[in-house]
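**Q** Dropping the structure in here first, questions after.
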Amino acid sequence: MRKRWIILSVSLSVAAGSLAAYGVSRLVATQVAADAPERAVTYADDHASTHFTSTESASTERGLLPDFTTAAEQGVEAVVNIENRQKYTVPQYVSPFGNGSGGFDPFEFFFGPQSGSGGRQQQSQPQQQERRSGGSGVILSADGYIVSNNHVVEGADELIVTLHDGTIHKATLVGTDPSTDIALLKIDAKDLKTMPFGNSEELRLGEWVLAIGNPYGLTSTVTAGIVSAKGRSLGVLPAQMGIESFIQTDAAVNPGNSGGALITTDGKLIGINTVIKSPTGAYTGYSFAVPSSIVRKVVTDLREYGVVQRAMLGISFQAVTPEWIERFGEEKGIKEAGGMYIAEVSADGAAEAAGIKPGDVLTHINDKVMNSTADVQETIAKFRPNDKIRVTVRRNGAVKTFDITLRNRAGKTELVKKDDVNLVEELGATFREVSDKLKKELRIRGGIQVVDLKAGGLLAKSRVQRGFIITSINDLPITTVSDLNRITDKVQSIDGIYPDGRIVSYQTLGR
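One rule links them: number in our numbering = place in the sequence shown (from 1) + 462.
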């Protein structure tokens, strides 16, 4: 049976009264905490990097039989349940018999709708209902900041947080980052039990970890497993430019665990549970968590700026594996596996400004070996525009090192304002790059084709249809999806072509 990637959620429909898992199923988890004050995550006002910090505690020597009790007991106190409430309208069918109730009409079923004074034609009236889904979050600060998954809070009209002791609070959404599937919430509370951050980069394969959450509504459930792998890139995040470097573990995680904590045996947060691999929608072997190295940076940015300050290196690349060498090595003049082959360098990007060239092989960033897309994504995700990094490349057999100042998606070193949202998300579409065959048929140099549209997005509002190929925005050429990163001004025009050859320009789109 073919495997499916599942981002887990538990959904409770008021109308149907049932629990269900959905989508690339979304892990919804509930409670994890660290009790001791000296280990508590604290919030400070002086600098963004100190918003969510943790103090180090003395490490204890682990025996052959690890003791999970302290971490589990403290952990459940800092993981909360998050209820996502969404309102929606459905038609209400009024009974033709005048009793005001909807439902099945046997007369019309057999004889069809009737008209005239004696007719039994049903009238449709809209009725507002509520859909509820469950998820989890982890308390990061004593004054009520909570981290969760973006998919747990997405589309909510109201967010309700239930603490481990049963206390209920309405939550405010501080910000979200679909690219990492992380969200930050705030409740009005004090002296909460918190979860200290650990260092996911120090995790070792085979190390014991605990997952805490609310699978199938079973609150405060703790499961144990080991770190099976690090830096997994699965291609499952819904965001067009998802950043994936998951921690893989065999701790059992099910629908109801999303947004919950993955912790070490000393009670530190080293991941947010997000995805499982399953053919059924339930756990069958492996689960995946966003590492704390990414989570910590994202939540700090959301708290400080309301938007993630995403640094860009300005390159497109491929892992130089033995398979890559077999296919492209002779053509590219590369015989040694390892590193990332730089296929393109963005104009006016950070890499170009520093002297990086297409054909270089990226081997290290800040002396850390780069051998996969996940390695690069996780490393760069920890930085902001204007931060400096050291990059090592192989070029024509020689090793070269460059000092690079990272830039934002517009190719500048300034921090991004909250209004400068991710254009891909605002356009409300899924894209794919145009094939060489289609480019030749339409006589275009490149473009991105609309695969799917989201209601309420800019393209849908402008009546753009599926299949449309965007070739420029605001007269700036768009040849790849990454080119959207360079658009920060208000969208005034989108030009492109349909597969049947119709050239169309959409003007004065509001942003």
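Just so you know, even glycine gets a beta-carbon here, dropped at the ideal spot from N, CA and C.
Using alpha carbons as the reference points, say which of Val-953, Asp-627, Asn-719, Asn-661 lies closest to Gly-596.
**A** Ranking the options by Cα distance to Gly-596, first place goes to Asn-719.
**Q** Output the residue ranges of the alpha helix (DSSP H) runs that lie fully inside the region 682 to 768 and measure 4 residues or longer, sorted by chain position.
**A** Complete alpha helix (DSSP H) runs here, min 4: 754 to 767.
**Q** For Ile-601, which of Lys-692, Val-538, Gln-548 has the nearest alpha-carbon?
**A** Answer by Cα proximity: Val-538.
**Q** Can you tell me the Cα-Cα spacing of Leu-921 and Asn-676, whole angstroms?
**A** Approximately 38 Å, taken between the alpha carbons.
**Q** If the criterion is Cβ atoms closer than 7 Å, does the pair Ile-644 and Val-623 meet it?
**A** No, Cβ-Cβ distance for Ile-644 and Val-623 is not below 7 Å.
**Q** Distance, Cα to Cα, Gly-958 vs Glu-806?
**A** Looking at the two C-alpha atoms, the distance is approximately 23 Å.
**Q** Counting along the chain, where does the alpha helix (DSSP H) carrying Gly-817 start and finish?
**A** Neither: Gly-817 is in no alpha helix (DSSP H) and is coded neither H nor E.
**Q** Using the beta-carbon count (16 or more within 10 Å), is Gly-873 buried or exposed?
**A** Gly-873 should be labelled buried.
**Q** DSSP on Ile-906, reduced to helix/strand/coil?
**A** The answer is coil: DSSP assigns Ile-906 none of H, G, I, E or B.
**Q** For the ligand GDP, any of its heavy atoms closer than 6 Å to the Cβ of Leu-635?
**A** Summarising the ligand content, the structure contains no ligands, and the ligand GDP is consequently not present.
**Q** Please identify the residue among Arg-871, Thr-681, Ile-688 whose C-alpha is closest to the C-alpha of Ala-812.
**A** Nearest option by C-alpha distance: Arg-871.
**Q** Sorted by chain position, which residues of the same chain lie with C-beta nearer than 6 Å to Thr-638's C-beta, five sequence neighbours on each side aside?
**A** Cβ within range, chain order: Asn-612, Ala-645.
**Q** Ignoring anything shorter than 3 residues or poking outside the region 935 to 961, list the beta strand (DSSP E) runs there in chain order.
**A** Whole beta strand (DSSP E) segments, 3+ residues: 955 to 959.
**Q** Quick check: what's the CA-CA separation for Gly-660 versus Leu-672?
**A** When rounded, the distance between both Cα atoms is 13 Å.
**Q** To the nearest angstrom, report how far apart Glu-669 and Phe-708 are at their CA atoms.
**A** Computed Cα separation, rounded: 15 Å.
**Q** Assuming Gly-693 and Glu-840 make a contact with CB atoms under 8 Å, what is their CB distance in whole Å?
**A** Contact holds; Cβ gap of about 7 Å.
**Q** Express the C-alpha separation of Pro-717 and Tyr-748 in angstroms, rounding to a whole number.
**A** Tyr-748 and Pro-717: Cα-Cα distance of roughly 13 Å.
**Q** Considering Asp-837, what are the terminal residues of the alpha helix (DSSP H) in which it resides?
**A** Here the alpha helix (DSSP H) through Asp-837 covers 835 to 843.
**Q** Helix, strand or coil: how does DSSP classify Lys-916 here?
**A** DSSP places Lys-916 in coil when its eight states are reduced to three.
**Q** Compute the beta-carbon to beta-carbon distance between Phe-621 and Ile-544, rounded to the nearest angstrom, for a pair I have assumed lies under 8 Å.
**A** It should be pointed out that residue 621 corresponds to Leu in this sequence rather than to Phe. About 6 Å; that satisfies the 8 Å criterion.
**Q** Using a Cβ-Cβ cutoff of less than 6 Å, which residues in the same chain neighbour Arg-964 once the five nearest sequence positions on both sides are dropped?
**A** Taken in chain order, the list of residues that qualify is empty.
**Q** Would you grab the beta carbon distance between Thr-835 and Gly-801 for me? Rounded to a whole angstrom, and I think it's under 8 Å.
**A** So it is not a contact: roughly 12 Å between Cβ atoms.
**Q** Between Gly-909 and the rest of its own chain, which residues show a CB-CB distance below 7 Å, the 5 nearest in sequence each way excluded?
**A** These residues qualify, in order along the chain: Val-896, Ile-931, Ile-932, Thr-933, Ile-940, Thr-941, Gly-958.
**Q** Mind checking Gln-969: buried by the 16 CB within 10 Å criterion, or exposed?
**A** Exposed is the call here.
**Q** Measuring alpha carbon to alpha carbon, tell me which of Gly-697, Ile-732, Thr-736, Thr-726 ends up nearest Val-615.
**A** When each option's Cα is compared against that of Val-615, the closest is Thr-736.
**Q** Taking 7 Å as the threshold (C-beta atoms), are Ala-713 and Thr-685 in contact?
**A** In this structure, Ala-713 lies closer than 7 Å to Thr-685 by Cβ.
**Q** Pairing CB atoms from the region 727 to 743 with CB atoms from the region 784 to 801, are three or more of them under 8 Å?
**A** Contact fails: fewer than three Cβ-Cβ distances are below 8 Å.
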